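Here is the structure we will look at.
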Amino acid sequence: MSVDKTTVAKIARLARIHVPDERQQAIATELNGILSWVDELNEVNTDNVEPLANVTGHSLPMRDDFVTDGDRIDDVLANVPESAGGFFVVPKVVE
Amino acid sequence: MTSNLVRGATGDWEVVIGLEVHAQVSSNAKLFSGASATFGADPNQNVSLVDAAMPGMLPVINHECVRQAVRTGLGLRADINLVSVFDRKNYFYADLPQGYQISQFKQPIVGEGKLRIDLPDGSSRNIGIERLHLEQDAGKSMHDQHPSKSYIDLNRTGVALMEIVSRPDMRSSIEAASYVRKLRSIMRYLGTCDGNMEEGSLRADVNVSVRRPGEALGTRTETKNLNSLRFIQQAIDFEVVRQIEILEDSGEIDQETRLFDTTTGTTRTMRSKEDAHDYRYFPDPDLLPLVISQDEVDELAAALPELPDQIKDRLTGDYGLSAYDAAVITEERETALFYEAASQQHDRKLVANWMTVELFGALNKSGQTLAECKVTPKRLGGLVGLISDGTISGKIAKDVFAVMFETGGDAANIVEEKGLKQVSDSGAIEALIDAVIAANEDKVAEYRAGKDKLFGFFVGQVMKKSGGQANPGIVNQILRTRLDGGG
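Keeping their order, the protein sequence lines are chains A and B. My numbering numbers the first residue of the first sequence as 1 and each following residue consecutively. My numbering numbers the first residue of the second sequence as 96 and each following residue consecutively.
Below you can see the structure in the form of structure tokens.
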């Protein structure tokens, strides 16, 4: 597997990260280095081996259905650039 | 079976429909946080720092939401997956602070099942369920508060949803509406989703395509976020006509997402960015695989209530009700329980009639729900009992019912107080008939000369004279002998 400059530009756009045009080729080269290193794992025979999700042997811990949080509008809105009447206010996003 | 084919200008078309229903899980708290999942709070009141996606916050799953998904899966006769996995579905939108929705992609909690739909003509058929998975709901955006700003409320962010995906097994908008109605009914019986479409607890995305009968599937469009049965039908009907027109004009259908305009009943292309569907799913590193035990699934299965299909089969099988009446009565659990209680000691079919016609009619007219209704099941049964044993006629019973609906009174008492008992005494009825014959000698002559239709006139006159209380069967019988017998 390898990526080219176009793929880098696309992933950057999807992730909303600004990557200037002149950096894209360099990043593609770096990513390809990482990918080929990871590709070495493909040499290991994994026939009949179940995927390993975690090494702890734990499964997902669960909590009971009680309301234990909320009612903290000041905390929730603490970092917003703009709010009104308890709402977040953002540039219009409707189509 | 009636044909579902749609006739176009150049021949018949078959409609193919699949639905994705988003059902809000009934729970106190959200799927991964301890904030309340209740509808109707002040903006951003039911938001925890997990829901607001503050850095470092970790999701912890709500056990009850898992159990609700399993119950729903069992109600859909579906495979329950003891191990399932949560994935991140990545996209950016103002009402999704995490930048991704936690969902289940490759390994959902519930696999294949089936749902039996009841059609208006009384027939039933099975629709395949492909899967059911758990995921987070998004927040709510309001675009009409300010000319250049959107207002965001995260109360709904992180509330548990079940996405239920059907097979493309439906062939008409009526079948699609029947499917959603039945799904809603089952979840309400189970108590896993309140099914309130106006509040957005239940919303559907419809996938529609058309093809020539017997040919491969056509290209489909997806119309998003329909929140009423009527809108679902309208959106499908519009899409079918639109697609057939394009195809018959040698055009091609674009595979795309469309929006439904509730004011015009039409759909339009959603202008969207080319990357809108590139969600880059991957397993959420914050969440281990969800493991449930077969013991817990068995325990939930054993505690399931009787579901509408089972009750309906008993109503049509043991009680002899029509498939239509049985479907109407079993759609809501409250109605089914009311019916069982009302009909327990009385004529099952007659009680069904009185419920679906008179009681539902009166409820509709007054805008009341069954829970608000003053007529108890026992008293409706009592009224039907009076009809069955001949104490009152069906016609008088309607007047008695009107009083019961107002006051909640007992039928026997009302009949007693108002003196409405049916007159079955043949002597009294003969006297009435004598009077009517004497007063209408001209009509008697006409009748005997062959104007048969006048028989109804005589019955009407006698009933009127009796104040509606004469037993119509006996009136008919005596009139017949008197008029035809020459006496």
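Ideal Cβ positions, reconstructed from N, Cα and C, are used throughout, including at glycine. Quantities reported herein were computed from a predicted structural model and do not represent experimental measurements.
| query | result |
| --- | --- |
| For H50/B, go through chain A and note every residue whose CB falls closer than 7 Å to its CB, in chain order. | The structure shown does not extend to residue 50/B, since chain B spans only 96 to 582, so no value can be given for it. |
| Return the chain-ordered ranges of every beta strand (DSSP E) run that is complete within the region 253 to 336 of chain B and spans a minimum of 3 residues. | 255 to 261, 297 to 306, 316 to 321 |
| Return the residues of the region 386 to 415 of chain B that lie within a Cβ-Cβ distance of less than 7 Å from chain A, sorted by chain order. | V386 |
| Measuring alpha carbon to alpha carbon, tell me which of K235/B, N250/B, N571/B ends up nearest S131/B. | N250/B |
| For R226/B, count neighbouring C-beta atoms within 10 Å of its own C-beta (all shown protein chains included) and say buried if the count is 16 or more, exposed if not. | buried |
| How is L227/B classed by DSSP in three states: helix, strand or coil? | strand |
| Taking just the CA atoms, how far does E207/B sit from D174/B? | 6 Å |
| S59/A versus chain B: which residues are under 8 Å apart at the beta carbon? | L383, P384, L385, V386 |
| So H158/B contacts chain A; which residues on that side make the cut at Cβ distance below 7 Å? | M62, R63, D64, D65 |
| Any idea what DSSP makes of M96/B, helix, strand or coil? | With a pLDDT of 44 at M96/B, under the threshold of 50, the modelled position of that residue is not reliable, and no figure is offered here. |
| Taking 7 Å as the cut-off, decide whether the C-beta atoms of V178/B and V446/B are in contact. | no |
| Measure the Cβ-Cβ separation of T361/B and F333/B and say whether it is below 7 Å. | yes |
| Indicate whether the contact test is met: 3 or more Cβ pairs, each with one atom in the region 248 to 262 of chain B and one in the region 454 to 462 of chain B, closer than 8 Å. | no |
| Is D74/A close to chain B, meaning its C-beta is less than 7 Å from at least one C-beta of that chain? | no |
| Taking S2/A as the reference, give the member of I11/A, A28/A, L41/A with the closest Cα. | A28/A |
| List the residues of chain A whose Cβ lies closer than 8 Å to the Cβ of R375/B, in chain order. | L14 |
| Checking 7 Å against the spacing of the C-beta atoms, do R16/A and V155/B come in under that value? | no |
| Can you pull the chain A neighbours of G514/B, defined as C-beta to C-beta under 8 Å? | What G514/B touches in chain A: nothing, since even the nearest Cβ is about 58 Å away. |
| To the nearest angstrom, how far is it from the Cα of T364/B to the Cα of G503/B? | 53 Å |
| Quick one: list the residues of chain D neighbouring A84/A, beta-carbon separation under 9 Å, in chain order. | No chain D is part of this structure, whose protein chains are labelled A and B. |
| I'd like the list of long-range same chain contacts for K469/B, defined as Cβ closer than 6 Å, with 5 residues on each side in sequence excluded. | G503 |
| Is the region 149 to 168 of chain B close to the region 63 to 79 of chain A, with three or more CB pairs under 8 Å? | yes |
| Among the residues of its own chain, which have a CB less than 7 Å from the CB of S519/B, if the five just before and after it don't count? | G485, N566, I569 |
| Take the Cβ of G582/B as the centre, count every other Cβ of all protein chains shown within 10 Å, and call the residue buried at 16 or more, exposed below. | The predicted model places G582/B with a pLDDT of 45, which falls under 50 and marks its position as unreliable, so this point remains unresolved. |
| Per DSSP, N185/B forms a beta bridge with which residues? | Y195/B |
| Roughly how many angstroms separate the alpha carbons of F433/B and M499/B, rounded to a whole number? | 16 Å |
| Run through chain B and tell me which residues come within less than 8 Å of T68/A, C-beta to C-beta. | A124, G129 |
| Using 10 angstroms around the beta-carbon of R474/B, count the other beta-carbons present and answer buried if the total reaches 16, otherwise exposed. | buried |
| For a test of the three-state rule: what should DSSP assign to R72/A, helix, strand or coil? | coil |
| Just how far apart, CA to CA, sit F134/B and E294/B? | 8 Å |
| My assumption, with CB atoms under 8 Å, is that L574/B sits in contact with I528/B. Please give the rounded CB distance. | 6 Å |
| Could you tell me whether the Cβ of S267/B comes closer than 7 Å to any Cβ of chain A? | no |
| Among V165/B, V142/B, V205/B, which has the Cα closest to the Cα of D190/B? | V142/B |
| Counting only C-beta atoms, is N54/A closer than 7 Å to chain B at any point? | yes |
| Measure the C-alpha to C-alpha separation of Q196/B and Y374/B and round it to an integer number of angstroms. | 10 Å |
| What residues from chain A crowd round F187/B, counting only those whose CB sits closer than 7 Å? | R16 |
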